[in-house]
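Q:
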Amino acid sequence: MAEEKVQESSTKSKAETKDAASKSVSKVKAKKRPARQSKMRKLTRGKVYIKSTYNNTVVTVTDLQGNALAWQSAGSLGFRGAKKSTPYAATQVVKQLIDKVKDTGLSDVDVSVRGIGGGRESAVRALHNYGLTVNSIKDVTPVPHNGCRLKKVRRV
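Numbering (the numbering used here), first residue to last: 600 to 755.
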């Protein structure tokens, strides 16, 4: 007898909780977030980081504190495979990036280059050719002091 009462009360409580849950869910409406718009700050000086690998070229523009304003890579522009690491792809990356940040009024940049890919020099030249004043160029490629063994060289 006691077991029957416990089973009846448990079935009632489950049904009641389902009804209450469905009522509370139906009352709550999801609020749509507005599309996030990046606010480009006005600045005249900045830093440009160029990472040029054997597979891709990535260029990032930051303010003097290092906060990223915009970035672009050869892969994001639609270059695929071996074409991502070409000098032409690097110039197109810089061109698109300058179009992104032209509203900020950026004119003077300090350039840091990392890596040994094909787009190193052409990216720096493109920065100068598209109207930015390059104040300094630093090579910040990490060089090991006899650390890990390198991968074997591909022979094609």
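From the three backbone atoms N, C-alpha and C, an ideal C-beta is built for every residue, glycine too.
1) Helix, strand or coil for K682 per DSSP?
2) Report the rounded CA-to-CA distance for L705 versus N654, giving the unit in angstroms.
3) Work out the CA separation of V710 and I736 for me, nearest whole Å.
4) Classify I715 as buried or exposed, calling it buried when 16 or more other Cβ atoms lie within 10 Å of its own Cβ.
5) Let me know the secondary structure DSSP gives N734 once reduced to three states.
6) Short of 7 Å in beta carbon distance, which residues of its chain neighbour V657, apart from the five on each side in sequence? Order them along the chain.
7) So, at 7 Å on beta carbons, what are the nonlocal neighbours of Q691 in its own chain, with the 5 sequence-adjacent residues on each side left out?
8) In terms of residue numbering, what span does the alpha helix (DSSP H) encompassing A667 cover?
9) Where does I715 sit, in a helix, a strand or coil, going by DSSP?
10) In whole angstroms, what separates the C-alpha of R753 from that of T661?
A: Taking the geometry as given:
1) Here residue 682 corresponds to residue number 83 of the sequence shown, with the count starting at 1. Reduced to three states, the DSSP call for K682 is helix.
2) As a working note, residue 705 is residue 106 in the sequence shown. As a working note, residue 654 is residue 55 in the sequence shown. In a straight line, the C-alpha of L705 is about 29 Å away from that of N654.
3) For this step, residue 736 is matched to residue 137 along the sequence shown. For this step, residue 710 is matched to residue 111 along the sequence shown. Roughly 5 Å separates the two Cα atoms.
4) For this step, residue 715 is matched to residue 116 along the sequence shown. Counting Cβ neighbours within 10 Å, I715 comes out exposed, since fewer than 16 surround it.
5) Counted from its first residue, the sequence shown places residue 734 at position 135. It is a strand residue.
6) The sequence position of residue 657 within the sequence shown is 58, counting from 1. Counting only Cβ-Cβ distances below 7 Å, and skipping sequence neighbours, we find K650, W670 and S672.
7) For the purposes of this step, residue 691 is taken as the residue at position 92 of the sequence shown. Contacts found: L676.
8) Taking the first residue of the sequence shown as 1, we reach residue 667 at position 68. Looking at the DSSP string, A667 is not in any alpha helix (DSSP H); the run it does join, the beta strand (DSSP E), is A667 to S672.
9) Here residue 715 is taken as the residue at index 116 of the sequence shown, counted from 1. In the structure shown, I715 sits in coil (DSSP, three-state: anything other than H, G, I, E or B).
10) On the sequence shown, position 154 is the one that residue 753 refers to. On the sequence shown, position 62 is the one that residue 661 refers to. Computed Cα separation, rounded: 35 Å.
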